[in-house]
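Just so you know, the protein sequences line up as chains D and C, in that order.
The first sequence begins at 0 in numbering that gives the first Met the number 0 and counts up one residue at a time.
The second sequence begins at 0 in numbering that gives the first Met the number 0 and counts up one residue at a time.
Backbone N, C-alpha and C fix where the C-beta goes; we use that ideal spot for every residue, glycine too.
Only a predicted model underlies this, so the values are computations on that prediction, with no experimental measurement involved.
To start, the structure itself, in structure tokens.
2 protein chains.
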Amino acid sequence: MAVHRKAGRNASAAGGERGAAGESASGPATLGEAAYQRLRADIVVGAFKAGEPLRLEALRQRYGLSFSPLREALMRLQSERLVASTALRGFSVAPLSREEIEDATETRILIESEALRRSMRNGDDDWEAGIVAAFHALSLQVERQSKVAGSVATADLFAMEERHHHFHRALISHCRSPRLLELAERLYVETQRYRLPNYFGGVLGQRRRDATAEHREIMDATLGRSEEAVRLLADHYRKTAAIIEASIEWPPVSGKAAR
Amino acid sequence: MAVHRKAGRNASAAGGERGAAGESASGPATLGEAAYQRLRADIVVGAFKAGEPLRLEALRQRYGLSFSPLREALMRLQSERLVASTALRGFSVAPLSREEIEDATETRILIESEALRRSMRNGDDDWEAGIVAAFHALSLQVERQSKVAGSVATADLFAMEERHHHFHRALISHCRSPRLLELAERLYVETQRYRLPNYFGGVLGQRRRDATAEHREIMDATLGRSEEAVRLLADHYRKTAAIIEASIEWPPVSGKAAR
DNA sequence: AACTGCCATATTTTCGAAAATTTCCGATTG
DNA sequence: CAATCGGAAATTTTCGAAAATATGGCAGTT
Chain D
0 MAVHRKAGRN
10 ASAAGGERGA
20 AGESASGPAT
30 LGEAAYQRLR
40 ADIVVGAFKA
50 GEPLRLEALR
60 QRYGLSFSPL
70 REALMRLQSE
80 RLVASTALRG
90 FSVAPLSREE
100 IEDATETRIL
110 IESEALRRSM
120 RNGDDDWEAG
130 IVAAFHALSL
140 QVERQSKVAG
150 SVATADLFAM
160 EERHHHFHRA
170 LISHCRSPRL
180 LELAERLYVE
190 TQRYRLPNYF
200 GGVLGQRRRD
210 ATAEHREIMD
220 ATLGRSEEAV
230 RLLADHYRKT
240 AAIIEASIEW
250 PPVSGKAAR
Chain C
0 MAVHRKAGRN
10 ASAAGGERGA
20 AGESASGPAT
30 LGEAAYQRLR
40 ADIVVGAFKA
50 GEPLRLEALR
60 QRYGLSFSPL
70 REALMRLQSE
80 RLVASTALRG
90 FSVAPLSREE
100 IEDATETRIL
110 IESEALRRSM
120 RNGDDDWEAG
130 IVAAFHALSL
140 QVERQSKVAG
150 SVATADLFAM
160 EERHHHFHRA
170 LISHCRSPRL
180 LELAERLYVE
190 TQRYRLPNYF
200 GGVLGQRRRD
210 ATAEHREIMD
220 ATLGRSEEAV
230 RLLADHYRKT
240 AAIIEASIEW
250 PPVSGKAAR
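Here it is in structure tokens:
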């Protein structure tokens with residue numbers, strides 16, 4: 000007995016190397032992959048609070064999965080610094096702290112600065128077109144949301160986030176280093192944890208900050224192959240970090256983090 | 000029935016956060032951790048050839064473990080780029096290539112350059128003492144091995160490797176960035192795969208390269224808080240990469256990598 | 001009250017088998 | 001002969017239970 004999967008499941012012939020963007024239709028190929036994606040999303044949006052223990056039984060019920068795929072996913076998330084764990088005492092959501100956001104921000108700047116420089120050296124017409132297109136799509140979404148009076152739909156916030164991500168990826172896309180691209184990707188997700196609560200939570204209407212102008216400046220300098228682009232990008236990230244650090248009431252440093 | 004572990008196993012009360020150095024006595028706390036360490040060691044020393052499929056049944060027999068801890072370990076190794084995998088087609092040893100060693104080397108230089116600069120800014124007396132001590136220990140080992148006539152014992156090669164690693168870690172140890180340290184660590188292991196075969200395999204007696212002199216120069220410039228240290232370190236890594244690239248007969252580019 | 005040892009319970013970790021999927025091979029067809 | 005189809009075998013992935021370990025409370029002692 001014990002039917003493992005409800006139906007024969009989506010017959011994705013392709014499969015796809017992990018780490019690739021795609022998947023598109025038909026969903027994740029394995030339950031482990033699905034667990035990874037859902038868990039990561041839930042951590043990033045704050046569905047689990049920082050530092051909160053992640054008990055396997057609870058996760059099993061929440062996602063309707065068995066231990067094996069969950070453990071795999073948690074293992075993977077741990078190596079991406081979204082989850083912490085101690086030997087025989089289980090997993091917990093990685094804590095948030097000033098030190099962490101600063102380290103993540105500065106590391107991200109180090110990685111993306113280099114990636115941006117290389118992209119500017121290697122970038123061709125397609126690269127430029129990709130950046131312009133991504134910027135435009137992002138602007139449209141910003142425009143649309145600024146028109147809305149009250150609260151913005153969650154779906155729109157996700158669309159916004161997606162386009163923002165896409166824009167920043169376009170800038171460095173032609174650096175020709177798999178490692179730099181992967182690191183930038185991970186650091187984007189790590190910092191997302193810090194940005195999103197601030198973003199969903201509150202200051203939506205009164206956008207004190209003109210992020211679009213910053214993005215445009217970065218784009219212009221980048222297309223002009225100017226080293227200034229690197230400085231602007233770094234400033235952009237540092238400003239974001241500063242705003243977040245100011246807006247969060249950091250929990251008092253406690254000795255016992257996990258569990 | 001089905002006794003899980005032979006005996007009650009070593010009762011390591013401590014446990015220890017993963018990623019920490021220690022463990023010292025009493026071995027890994029969990030079988031998953033043990034699998035990770037053994038598998039990683041076997042991949043790095045080339046016990047499994049690059050590109051070779053890692054079949055679970057074979058691993059199960061080799062290490063006397065069940066699937067779960069093995070999969071966990073493989074998952075972890077994949078996120079460290081030592082293992083590749085495709086959705087439902089299993090794992091394989093990550094391939095070696097010119098592109099990879101170049102990317103790894105340049106990324107390592109990017110990371111360690113920044114880490115070294117910060118260490119030079121932050122470093123105190125203990126930091127300096129640590130570097131001097133590590134250099135000295137490394138020199139002693141080099142000295143000892145150069146005296147030996149014929150082939151050197153494997154244990155000595157490992158001791159050498161360990162002290163070399165320790166020296167490079169000492170240089171950047173005070174950068175105050177957990178991420179940079181972790182990345183440097185991972186890149187060290189990644190590049191180890193390329194260095195070791197060359198190291199074990201052949202040119203032991205006729206050390207054409209005076210690595211000790213290079214190390215001393217790096218140390219001196221570092222202790223003198225000179226930016227020159229960064230340049231020397233980068234040269235050191237690029238030279239190593241160049242030697243390796245020259246000494247390896249690269250396999251012809253084939254389309255099908257895994258399995 | 002503080003400390004210690006012990007037991008019951010909660011939780012993680014590991015196992016071995018079942019299920020799902022891919023791979024391989026031969027027969028069949030165009 | 002190339003291509004395709006089917007089905008057996010090989011392999012990965014998932015499950016659910018068993019084992020190992022940690023946790024928390026309670027009694028007994030100092």
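In the DSSP assignment, find the unbroken alpha helix (DSSP H) run with residue i in it and report its ends.
i              : result
residue 106(C) : 97-121
residue 67(D)  : 66-78
residue 220(C) : 210-222
residue 63(C)  : From DSSP, residue 63(C) is part of no alpha helix (DSSP H); its letter is neither H nor E.
residue 244(C) : 227-246
To which residues of the same chain is residue i closer than 8 Å at the C-beta, ignoring the five residues directly before and after it?
i              : result
residue 140(D) : 155, 158, 159 and 162
residue 217(C) : 170, 228, 231, 232 and 235
residue 54(C)  : 89
residue 130(C) : 166, 169, 170, 218, 221 and 222
Measuring straight from C-alpha to C-alpha, what distance separates residue i and residue j?
i              : j              : result
residue 27(C)  : residue 34(C)  : 9 Å
residue 226(C) : residue 63(C)  : 50 Å
residue 239(D) : residue 98(D)  : 15 Å
residue 197(D) : residue 245(D) : 11 Å
residue 102(C) : residue 80(C)  : 12 Å
residue 182(C) : residue 188(D) : 17 Å
residue 212(D) : residue 117(C) : 32 Å
residue 43(D)  : residue 195(D) : 8 Å
residue 75(C)  : residue 68(C)  : 11 Å
residue 199(D) : residue 150(D) : 10 Å
residue 57(D)  : residue 65(D)  : 11 Å
Using the rule of at least 16 other Cβ atoms within 10 Å of the residue's Cβ for burial, across every protein chain shown, is residue i buried or exposed?
i              : result
residue 25(D)  : exposed
residue 107(C) : buried
residue 153(C) : exposed
residue 185(C) : buried
residue 191(C) : buried
residue 70(D)  : buried
residue 135(C) : exposed
residue 180(D) : buried
residue 87(D)  : exposed
residue 176(C) : buried
For residue i, report the span of its beta strand (DSSP E) as first-last.
i              : result
residue 145(C) : No beta strand (DSSP E) contains residue 145(C), which is instead part of the alpha helix (DSSP H) from 124-146.
residue 150(C) : Per DSSP, residue 150(C) belongs to no beta strand (DSSP E) and is neither H nor E.
residue 91(C)  : 89-92
residue 83(D)  : 82-85
Which same chain residues end up closer than 7 Å to residue i when comparing Cβ atoms and leaving out the 5 residues on each side of it in sequence?
i              : result
residue 193(C) : 95, 100 and 243
residue 72(C)  : 31, 34, 35 and 38
residue 92(C)  : 42, 47, 48, 49, 50, 51, 53 and 82
residue 138(C) : 211
residue 214(D) : 134, 137 and 166
residue 104(C) : 190, 236, 237 and 240
residue 144(C) : 151, 155 and 159
Please determine whether the Cβ atom of residue i lies at a distance below 8 Å from any heavy atom of the ligand FAD.
i             : result
residue 49(C) : As far as ligands go, the structure on display features none, and thus does not contain the ligand FAD.
Ignore the nearest five residues each way along the sequence and tell me which others in residue i's own chain have a CB closer than 6 Å to its CB.
i              : result
residue 133(D) : 165, 166 and 169
residue 84(C)  : 77 and 90
residue 220(C) : 227, 228 and 231
residue 173(D) : 118, 121, 122 and 126
Checklist entry - Which residues, taken in chain order from the region 171-199 of chain D, show a beta carbon closer than 7 Å to some beta carbon of chain C? => result Close to chain C, meaning a Cβ-Cβ distance shorter than 7 Å, are the following residues of the region 171-199 of chain D: 176, 177, 178 and 179.
Item to check | Selection of the region 83-102 of chain C by Cβ proximity to chain D, strictly under 7 Å | outcome: When C-beta distances to chain D are compared with 7 Å, the residues of the region 83-102 of chain C below that value are 84, 85, 86, 87, 88 and 102, in chain order.
Checklist entry - Any residues in the region 21-46 of chain D with a beta carbon nearer than 7 Å to a beta carbon of chain C? Which ones, in chain order? => result Within the region 21-46 of chain D, the residues whose Cβ lies closer than 7 Å to any Cβ of chain C are, in chain order, 28 and 29.
Item to check | Positions along the region 107-140 of chain C whose CB lies within less than 7 Å of some CB in chain D | outcome: From the region 107-140 of chain C, only 109 and 113 have a Cβ closer than 7 Å to chain D.
Next on the checklist: Short of 7 Å Cβ to Cβ, which residues in the region 57-76 of chain C face chain D?
Outcome noted: Cβ contacts with chain D come from 67, 70, 71, 74 and 75.
Item to check | Interface residues of the region 224-246 of chain D facing chain C [CB-CB below 7 Å] | outcome: Among the residues of the region 224-246 of chain D, none has a Cβ less than 7 Å away from any Cβ of chain C.
Next on the checklist: Taking beta-carbon pairs under 7 Å, can you tell me which members of the region 144-155 of chain D lie near chain C?
Outcome noted: Per Cβ criterion, the list is empty.
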